[in-house]
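Scroll down for the structure; my scribbles are underneath it.
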Amino acid sequence: MIDKNSPLPIYYQLENKIREMIDSEELKPGDTLPSERDLSEKYDISRMTVRHAINNLVHEGYLYRQKGKGTFVSQKKFEQNLHGLTSFTEDMKLRGLKPGNKLLNFNTIAANEHVAKKLAISPGDLVYKIQRVRLADDNPIAIETNYISTDLLPDLTTETMATILSGSLYDYAESKLNLKIENAQQIIEASVANDFEIEHLHLEDGDPILLIERNSQLSNGTPFEFVKSAYRADQYKFIIDIKRNK
Numbered sequence: 016m017i018d019k020n021s022p023l024p025i026y027y028q029l030e031n032k033i034r035e036m037i038d039s040e041e042l043k044p045g046d047t048l049p050s051e052r053d054l055s056e057k058y059d060i061s062r063m064t065v066r067h068a069i070n071n072l073v074h075e076g077y078l079y080r081q082k083g084k085g086t087f088v089s090q091k092k093f094e095q096n097l098h099g100l101t102s103f104t105e106d107m108k109l110r111g112l113k114p115g116n117k118l119l120n121f122n123t124i125a126a127n128e129h130v131a132k133k134l135a136i137s138p139g140d141l142v143y144k145i146q147r148v149r150l151a152d153d154n155p156i157a158i159e160t161n162y163i164s165t166d167l168l169p170d171l172t173t174e175t176m177a178t179i180l181s182g183s184l185y186d187y188a189e190s191k192l193n194l195k196i197e198n199a200q201q202i203i204e205a206s207v208a209n210d211f212e213i214e215h216l217h218l219e220d221g222d223p224i225l226l227i228e229r230n231s232q233l234s235n236g237t238p239f240e241f242v243k244s245a246y247r248a249d250q251y252k253f254i255i256d257i258k259r260n261k
């Protein structure tokens, strides 16, 4: 029960109890959290204190709200370690999940200055623009937009690209074209989902996302791709180990 004589704030004690229920799977992903009234009566605390605890757990990603329906337990976030370069497909398979794609757009376009700089080509040079929803066990996780020079992957069509994307683009480049993808740089920032992302990632207005830019290179230094991704912030987190400089 809640210890009202404890130096720990009551809302913090309630947060810990709810976390413990989630960690022990007494409350499972998708389960409805008891109402503020029920929690208030069960622990003999104010509804304002209950609301404070729930708000904190929503912000931390343990819970999520659906307007008019209630508060629910979130799915456990996918964790990606930023040490090592892997594709989304490889990453999902390592977790025992079924990776998938929903191809939204595939076009050949003229590179603008920003894309051209990332790919070390001239503005106006032709690139493939590949836009797709990335899936894990058929659930949308991210929207990904790839830009690749047509010189690296010549003569691709919508049909051949759909076949390639049924597996891994990295695997195709390395096993079929003998290209060696060696390193990449990534930039990650927080944002709020726009209408396009809300539609394809099944989000609500105002939901947070993680915006990621990746620029990967081949072993000879040639840029392979420039990627812009929007990940569901409630389902994905990135981990990095940092050593102190001496």
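Letter 164 of the sequence shown, counting from 1, is numbered 179 in my numbering, and no numbers are missing. C-beta atoms are modelled at their ideal positions from N, C-alpha and C, and glycine is treated no differently.
Return yes when the C-beta of residue i is under 6 Å from any heavy atom of the ligand ATP, and no when it is not.
| i | result |
| --- | --- |
| residue 52 | Because no ligand of any kind appears in the structure shown, any question about the ligand ATP cannot be addressed here. |
Thinking just about the alpha-carbon of each residue, which of the options is nearest to the one in residue i?
| i | options | result |
| --- | --- | --- |
| residue 239 | 228, 226, 245 and 188 | 188 |
| residue 162 | 191, 128 and 181 | 128 |
| residue 65 | 31, 228 and 231 | 31 |
| residue 244 | 237, 135, 208 and 254 | 208 |
| residue 83 | 77, 60, 47 and 175 | 47 |
| residue 232 | 113, 106, 200 and 18 | 200 |
| residue 174 | 145, 57 and 216 | 145 |
| residue 183 | 68, 114 and 19 | 114 |
| residue 234 | 197, 222 and 67 | 197 |
| residue 125 | 219, 225 and 164 | 164 |
| residue 251 | 33, 72, 107 and 22 | 107 |
| residue 63 | 45, 27, 40 and 44 | 27 |
| residue 172 | 186, 44 and 143 | 143 |
| residue 153 | 130, 131 and 116 | 116 |
Span of the alpha helix (DSSP H) holding residue i?
| i | result |
| --- | --- |
| residue 51 | 51 to 58 |
| residue 174 | 173 to 180 |
| residue 104 | 103 to 109 |
| residue 132 | 128 to 134 |
| residue 184 | 184 to 190 |
What are the residues that DSSP puts in a beta bridge with residue i?
| i | result |
| --- | --- |
| residue 87 | 47 and 79 |
| residue 207 | 223 |
| residue 199 | 231 |
| residue 157 | 149 and 246 |
| residue 163 | 143 |
Please state if the CB of residue j and the CB of residue i are separated by a distance shorter than 7 Å.
| i | j | result |
| --- | --- | --- |
| residue 118 | residue 149 | no |
| residue 227 | residue 203 | yes |
| residue 109 | residue 123 | no |
| residue 134 | residue 241 | yes |
| residue 88 | residue 42 | yes |
| residue 176 | residue 121 | yes |
| residue 247 | residue 156 | yes |
| residue 217 | residue 158 | no |
Please report the distance separating the alpha-carbon of residue i from that of residue j.
| i | j | result |
| --- | --- | --- |
| residue 237 | residue 249 | 35 Å |
| residue 29 | residue 80 | 18 Å |
| residue 35 | residue 77 | 11 Å |
| residue 50 | residue 85 | 8 Å |
| residue 70 | residue 61 | 14 Å |
| residue 105 | residue 151 | 11 Å |
| residue 25 | residue 222 | 28 Å |
| residue 112 | residue 56 | 40 Å |
| residue 195 | residue 170 | 20 Å |
| residue 212 | residue 136 | 29 Å |
| residue 16 | residue 206 | 38 Å |
| residue 67 | residue 21 | 18 Å |
| residue 33 | residue 74 | 14 Å |
| residue 38 | residue 90 | 12 Å |
| residue 138 | residue 166 | 14 Å |
Could you spell out where the beta strand (DSSP E) holding residue i opens and where it closes?
| i | result |
| --- | --- |
| residue 28 | Not the beta strand (DSSP E): residue 28 falls in the alpha helix (DSSP H), residues 25 to 38. |
| residue 150 | 141 to 151 |
| residue 245 | 238 to 247 |
| residue 119 | 114 to 125 |
Could you tell me whether the Cβ of residue i comes closer than 7 Å to any Cβ of chain C?
| i | result |
| --- | --- |
| residue 18 | In the structure shown, chain C does not exist; there is a single protein chain. |
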